[in-house]
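Taking it in order: structure first as structure tokens, then the write-up.
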Amino acid sequence: MSLKFSDEATSKLEVLYGRYPSKQPVILAALHLAQKEFGDLRDEVIDLVGETLDLSSAHVYGVATFYTMFRRKPGGKTSVRVCTNVACMLRGGYDVLAAFEKKLGLKKGESNDDFSLIEEECIAACANAPAIVCGTKYFLDVTPDQVDEIVTFLKSNPHPESEVA
Amino acid sequence: MPAEIGTVLVTRRFGDEENKQITSYEANGGYKIARAAMAKSPEEIVDQIKASNLRGRGGAGFPTGLKWSFVPKDATDVHLVVNCDESEPGTCKDRELVYWDPHLLIEGMIIAAHTLGAVHNYIYIRGEMMREYAVLVKAVEEAYARGYLGDKIMGMGNQACHITVHRGAGAYICGEETALLNSLEGLRGQPRLKPPFPAIKGLFGKPTVVNNVETLMNIPFIVDQGGQWFADLGVGRSGGTRTVCVSGHVEKPGVYELPMTITFRELIDDICGGVWKGRKFKGLIPGGTSMPPLDESEIDVPVEFDALMTDERIKPVEVTAGVNFDMGGGRELRTMAGSGGIVVFDDQTDVVALTSRIMGFYHHESCGQCTPCREGTGWMDKICKRLMNGEGKVGDVDLLGNIANGIAGNTICALGEAAAWPMMGFLTKFRSEFLAKEVIGKSEDGEGEAA
């Protein structure tokens, strides 16, 4: 096997094993860490997580593909999650998404080196709609004319989701 | 006396950045109630919770004391699991609650764990809540460092209490308690068939109580001031205050903790500054998108749990015009308080577009396990989209009602109802708007233009 978890990730996993009766419940944490270390969850990464947790690759694949935050292909440094669910929709969420598509030259679901643009379901920031979440940072009460500024900010201050893995 | 406007419990520290530090929380009396609770017997605490009329704040409104009492008396290896997977569209209170007052949640958990005899406890937090995850992890570490968590907590005998913050990875369905348990166990987040209920066989096959964030944050107040005091803050069978999240077309959206007795009209006009831009009110979603909406004639009802289910000013939900939806045994469905997510929409809103967005959501989030939900949410999504695209067919509106009626009650978990109820609810309250989009298209058999 060519891939290996870093020592830091390995020690994080060791701590987590002590919190559950078996290794299997650590799978989401392991997948978050794997996505941080290897960028995406391609087949070799799935195999590594399975080997590490004593689970079959099929099991790990099944779990990894059930949850929307895991990606099987490379993405941008910052994932821009633009909410368009009802509370945001009623206050212009789709206009904000369109402004991002135009500014980044990406359609929702697409990525470049810096950004992955994602149409997100409700992110529980409804009282400040339209809302966007990028890693640990929220942008609230967003208007389309703020999108330029947000993109410029994130380009020089990437907010990778892996920072909390 | 019922609570007055301004009586706040769980939201009292909103806006206070300092409070997130354990030192500040302690300086304001934090963890004293948990320490005092260690000297009380589990029976004594459960009695207080029962007397308080505290009802679950996650969506179902189930009495918390009763839920706790379902755990067998002689049970060992009990687990307490906090549902912090808030994802119901329109709901944004739990995210704010854990951000502003993480130690209140931990204090509530310590009391609950002592009462239930639970040692290994988990907070399941939604994957997208990365900022809040960091806040919770830090707060839990602080609580360990101060001896509130660990093998011998607060120097009280041999009692142990551990909390692990467990991060999800993006799946609405994991807010359903048995899906959450499967996810926590390292499986795909698909709901379990009940029975057995989690109180008997839950996490890792052991008796488990799953409680919502806000529910547990109310526990310290009840233990401190008594169940009767908390019951008196509320009304009827619903104790305490009600934390609502108001979004959509109001001047001042926000998370507000209010008396149970406040009506939707008072909430919009007096608290939220009225409908935005001087427009007129058209309707609202009362408790997250899975709850049937209310129209203008129905908003003088209070936000309280039972009122929303039984008040006759709210019309029963219909399958089709004149035929009421049957929840089983002839029971009518009005609506429910749900998760407290109130979404207001004004008179310029296209209700079909709104419904279409909601159906798109449930289609996307169906876990795929049960055929009525997996297929039915897809069909409703598809039909709503074609109505929106000017391709509606004659009969589509009745078809939508029939599909929804075929989903509700026929699935393992409540995601089926979560999609079916608003579908039928929007049709019941705004049927003419759907019909108007039907007549411009062709009939189902493709024979000629409809009238």
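Residue numbers (the working numbering), protein chains in the order written: chain A, 244 to 408; chain B, 562 to 1012. Backbone N, C-alpha and C define an ideal beta-carbon position, used for all residues, glycine too. For clarity, every value in this text was computed on a predicted model and none was experimentally measured.
The C-beta of L658 of chain B comes no closer than 8 Å to any C-beta of chain A. Against chain A, a Cβ distance below 8 Å from S648 of chain B picks out E364, C365, A367. In the DSSP assignment, I714 of chain B falls outside any alpha helix (DSSP H), carrying neither H nor E. For N589 of chain B, there is no enclosing beta strand (DSSP E), as DSSP marks it with neither H nor E.
The CB of T379 of chain A comes closer than 7 Å to the CB of M691, R692, A695 in chain B, given here in chain order. Taking a Cβ-Cβ threshold of 7 Å, none of the residues of chain B is close to Y304 of chain A; the smallest such distance is about 11 Å. Inter-segment contact for the region 925 to 941 of chain B and the region 979 to 999 of chain B is present: three or more beta-carbon pairs are separated by less than 8 Å. At the C-beta level, I672 of chain B and V805 of chain B stay beyond 8 Å of one another. About 12 Å separates the Cβ atoms of L748 of chain B and L764 of chain B, ruling out a contact at the 8 Å cut-off.
Contact between the region 570 to 590 of chain B and the region 754 to 771 of chain B is absent: fewer than three C-beta pairs spanning the two stretches fall below 8 Å. Using a C-beta cut-off of 8 Å, the region 869 to 878 of chain B makes no contact with the region 599 to 617 of chain B, since fewer than three inter-stretch Cβ pairs fall below that distance. For A679 of chain B, the three-state secondary structure derived from DSSP is strand. Residue burial annotation: V1000 of chain B is exposed, with fewer than 16 other C-beta atoms found within 10 angstroms of its C-beta. Taking one beta carbon from each stretch, the region 959 to 969 of chain B and the region 841 to 856 of chain B have fewer than 3 pairs nearer than 8 Å; the two do not touch. In the structure shown, the three-state DSSP call for D388 of chain A is helix. In the structure shown, G809 of chain B adopts extended strand secondary structure according to DSSP, grouped into three states.
Secondary-structure assignment with DSSP links H640 of chain B through a beta bridge to B:T769.
Remark: C-beta atoms of E873 of chain B and T989 of chain B do not approach each other more closely than 8 Å. In this model, W629 of chain B and G293 of chain A are separated by some 37 Å (Cα to Cα).
Around T311 of chain A, the beta-carbon contacts reaching into chain B at under 8 Å are A730, G731, A732. Along the region 804 to 835 of chain B, going in chain order, the ones with a CB nearer than 8 Å to a CB of chain A are C806, V807, S808, G809, H810, P814, G815, V816.
Judged by beta-carbon spacing, V864 of chain B lies beyond the 8 Å limit of G651 of chain B, meaning their Cβ atoms are not closer than that value. For V796 of chain B, same chain residues with a beta-carbon under 7 Å away, outside a window of 5 residues either side, are P563, M821, T822, E865 in chain order.
Secondary structure at R573 of chain B: coil, using DSSP grouped into helix, strand and coil. Residue pairing of I724 of chain B in beta bridges, as defined by DSSP: B:N682.
Contact of H925 of chain B with chain A is assigned, a C-beta pair being separated by under 8 Å. Beta-carbon to beta-carbon, L274 of chain A and L284 of chain A are separated by about 6 Å, close enough to satisfy the 8 Å threshold. For E746 of chain B, the nearest beta carbon of chain A is closer than 8 Å to its own beta carbon.
Looking only at A:R324, A:N355, A:S405, A:S354, the smallest Cα-Cα distance to A374 of chain A is reached by A:R324. Judged by DSSP secondary structure, Y260 of chain A falls outside any beta strand (DSSP E) and instead within the alpha helix (DSSP H) spanning 250 to 260.
Taking CB atoms only, L777 of chain B has no neighbour in chain A less than 8 Å away. In the assembly as shown, S249 of chain A is an exposed residue. Its beta-carbon has fewer than 16 other beta-carbons within 10 Å.
Annotated as distal: V659 of chain B and E818 of chain B, with beta-carbon spacing of 8 Å or more.
Runs of alpha helix (DSSP H) with 4 or more residues, each lying fully within the region 325 to 394 of chain A, are found at 329 to 332, 336 to 347, listed in chain order. Sequence-distant Cβ neighbours of G729 of chain B in its own chain, meaning closer than 7 Å and more than five residues away, are D646, Y685, I686, R687, G688, C735, S744. E994 of chain B sits close to V913 of chain B, with the two beta carbons spaced by under 8 Å.
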